[in-house]
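> Before we start, here is the structure in question, set down as structure tokens.
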Amino acid sequence: MRHSFYGGIHPDDGKRLASSSPITPLAAPDQVIIPMSMHIGAACTPTVQKGDTVKVGQIIGRSDAFVSVPVHASVSGTVAAVEPRLHPNGQKVMSVVIDNDRQDTMDESVRSHVEEVEADPKCLLNLIKENGIVGMGGATFPTHVKLSSAIGKADTFIINAAECEPYITSDHRTLLEHPDEVLDGIRYVLRLLQLPKAILAVEGNKQDAIAGLKEKLAGAGDIELQVLRVRYPQGAEKQLIQTVTGRQVPPGGLPADVGCVVMNAFTCWSVNRMVKTGLPAVERVVTVSGPGIAAPTNLLCRVGTPVKELVEAAGGFSGETDKVLMGGPMMGSAIFDLSVPVLRGTNGVLVFLADQNRAKENPTCIRCGRCVEACPMHLQPLYLYAYERKSDVAGLNRLNATDCIECGCCAYSCPGRLQLVQAIRHAKALIKSAAPKK
Ligand code: SF4
Ligand code: SF4
Numbered sequence: 002m003r004h005s006f007y008g009g010i011h012p013d014d015g016k017r018l019a020s021s022s023p024i025t026p027l028a029a030p031d032q033v034i035i036p037m038s039m040h041i042g043a044a045c046t047p048t049v050q051k052g053d054t055v056k057v058g059q060i061i062g063r064s065d066a067f068v069s070v071p072v073h074a075s076v077s078g079t080v081a082a083v084e085p086r087l088h089p090n091g092q093k094v095m096s097v098v099i100d101n102d103r104q105d106t107m108d109e110s111v112r113s114h115v116e117e118v119e120a121d122p123k124c125l126l127n128l129i130k131e132n133g134i135v136g137m138g139g140a141t142f143p144t145h146v147k148l149s150s151a152i153g154k155a156d157t158f159i160i161n162a163a164e165c166e167p168y169i170t171s172d173h174r175t176l177l178e179h180p181d182e183v184l185d186g187i188r189y190v191l192r193l194l195q196l197p198k199a200i201l202a203v204e205g206n207k208q209d210a211i212a213g214l215k216e217k218l219a220g221a222g223d224i225e226l227q228v229l230r231v232r233y234p235q236g237a238e239k240q241l242i243q244t245v246t247g248r249q250v251p252p253g254g255l256p257a258d259v260g261c262v263v264m265n266a267f268t269c270w271s272v273n274r275m276v277k278t279g280l281p282a283v284e285r286v287v288t289v290s291g292p293g294i295a296a297p298t299n300l301l302c303r304v305g306t307p308v309k310e311l312v313e314a315a316g317g318f319s320g321e322t323d324k325v326l327m328g329g330p331m332m333g334s335a336i337f338d339l340s341v342p343v344l345r346g347t348n349g350v351l352v353f354l355a356d357q358n359r360a361k362e363n364p365t366c367i368r369c370g371r372c373v374e375a376c377p378m379h380l381q382p383l384y385l386y387a388y389e390r391k392s393d394v395a396g397l398n399r400l401n402a403t404d405c406i407e408c409g410c411c412a413y414s415c416p417g418r419l420q421l422v423q424a425i426r427h428a429k430a431l432i433k434s435a436a437p438k439k
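Here the working numbering = 1-based position in the sequence shown + 1.
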């Protein structure tokens, strides 16, 4: 490999807990809770009412905004409520609650799109939007927006299968068990982008999946497999672009500014399934793992399934729980109520035990500089922390606090155990509230 990015860390990846556990379909729950906001961009407005009958794949919420995607029913049944419900972000968010009739009746709109996409590859863009496909690696940015800005501009299409977050193995298992579906999804997008070749970037800790992909891609000229040395946060978009191409996305810039477009591997799987079967983004693979889970596993779940059902399916807790995270241990967020639902971007539910809590009372900076060495965005986390304590917005702006990608490398490296990411997240909120209103 010729390129690398600055900083980064090598945490214990913990992937051995779930990496050999096959993807198992989880029975749909009696009731799903589907928030109208599961993506970056405008929230949807519900298009159904309490008492309505709905079918799988039916649109139940939409917005007219370009940066948004419709929301679909993941089960068939009756709408039990349209009201604010607790979201994994800790807020109450308008949601459609559906009592499952266990018939899995498909909406009439759920049909194969193979012929139309083969006749006109450009129609894929609108299909991706209408079927609610967003960045499934956790970013949840609407895929049609990303692809619109790349068509005719990007010369390099990268598929992100780095899956650098510790413990998470959902992309790994998808690549291992469903390589053809991922590769076909990549090829559909390649035709839309009118590019001759894609680069599938996988970290080297997925050797079984890599062996299968090498076999599938032997002699194929349209998808190049790149095996990357394991390093966190390699799956962050800017860092991945630099590793794969050597190009650096400028501060505040987008991948398209350096001719790149990046899509997550599971998103490609979702595109393929949508084209072939017509099913929108109503299911996803979730890794349920961590030292606090009795039987770590990978589950194929309906969007809207309460997290507690995933925890039960993975054997429940294995000890005194300290925290439950949605997403990885580095960039995921804590959830405090297991009734919250799985979202389109949920790639993991991780549980940690009380004896693994690294928090320290009165954390102190010893000026060791490790956070600066670890920061892949060339920031100075110790000073960002100091300015945030003083609410010094000018200082935070001077040190480019908004460039922080909240990867957690600084906090992981800090011997003083300062809550650096929380402080920088708050710093960004201070900057936003101090900015002149448009
Ligand atoms: S969380 Fe932000 S400041 Fe800390 S290492 Fe990552 S990018 Fe740098
Ligand atoms: S790593 Fe922690 S202790 Fe060291 S300089 Fe950074 S904030 Fe201070």
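Just so you know, even glycine gets a beta-carbon here, dropped at the ideal spot from N, CA and C. This structure is a prediction, so every number in the text was calculated from the model and none was measured.
Under three-state DSSP, which class holds Asp209?
helix
> Between the Cα of Thr46 and those of Ile129, Ser20, Gly220 and Ala66, spot the shortest distance and give me the residue it belongs to.
Ala66
> For the alpha helix (DSSP H) that Ile134 lies in, which residues bound it at each end?
Here Ile134 belongs to no alpha helix (DSSP H), and DSSP marks it neither H nor E.
> Rounded C-beta distance between Ile160 and Ala199? I'm assuming under 8 Å.
6 Å
> Any idea what DSSP makes of Met275, helix, strand or coil?
helix
> Buried or exposed for Ala163, going by 16 or more other Cβ atoms inside 10 Å?
buried
> Can you tell me whether Ser149 is helix, strand or coil according to DSSP?
If DSSP states are grouped into helix, strand and coil, Ser149 belongs with the helices.
> Whose C-alpha, out of Leu311, Gly329 and Glu119, is nearest the C-alpha of Val341?
Closest by alpha carbon: Leu311.
> Look at the alpha carbon of Tyr189 and the alpha carbon of Leu196, and state the distance between them as a whole number of angstroms.
Distance between the alpha carbons of Tyr189 and Leu196: 11 Å.
> Could you check what DSSP says for Val68 in three-state terms: helix, strand or coil?
coil
> So which residues touch the region around ligand 2, with touch meaning a C-beta under 7 Å from any heavy atom?
Cys366, Ile367, Arg368, Cys369, Gly370, Arg371, Cys372, Val373, Pro382, Leu383, Tyr386, Cys411, Ser414, Cys415, Pro416, Gly417, Leu419 and Leu421
> Looking at the strands, I want to know which residues DSSP matches up with His73.
Ile60
> DSSP has Gln227 in a bridge; who is on the other side?
Ala202
> Is it the case that the region 94 to 113 contacts the region 65 to 82, given that we only count it when at least three CB pairs across the two stretches are under 8 Å?
yes
> So is the beta-carbon of Gly254 under 7 Å away from any non-hydrogen atom of ligand 1?
no
> If you reduce the DSSP assignment to three classes, tell me which class Cys269 lands in.
In the structure shown, Cys269 sits in a helix (DSSP, three-state: H, G or I).
> At a cut-off of 7 Å, would you count Ile425 as near ligand 1, judging by its Cβ distance to the nearest heavy atom?
yes
> Extract the residue ranges of the beta strand (DSSP E) inside the region 84 to 143, only unbroken runs of 3 or more that lie entirely within it.
93 to 101
> Per DSSP, what kind of secondary structure is Ala82 in: helix, strand or coil?
strand
> So, do the region 178 to 188 and the region 33 to 40 have three or more beta carbon pairs nearer to each other than 8 Å?
no
> Please say whether Lys215 and Leu226 have beta carbons closer to each other than 8 Å?
A contact, by the Cβ cut-off of 8 Å.
> Can the beta-carbon of Val72 be found closer than 8 Å to that of Ile61?
Yes. Within cutoff.
> Would you report the Cα separation of Ala19 and Thr175, rounded to the nearest angstrom?
Those two C-alpha atoms are separated by around 13 Å.
> Between the alpha carbons of Glu315 and Thr322, how many angstroms are there, rounded?
Inspection of the sequence shows that residue 315 is occupied by Ala rather than by Glu. Approximately 15 Å between the Cα atoms of the pair.
> Within a Cβ cutoff of 6 Å, which residues of the same chain sit near Gly317, ignoring the five residues on either side of it in sequence?
Ala295
> Please state if the CB of Leu421 and the CB of Ser392 are separated by a distance shorter than 8 Å.
Between Ser392 and Leu421, the gap from beta carbon to beta carbon reaches 8 Å or more.
> Whose C-alpha, out of Tyr384, Cys165 and Phe337, is nearest the C-alpha of Gly9?
Cys165
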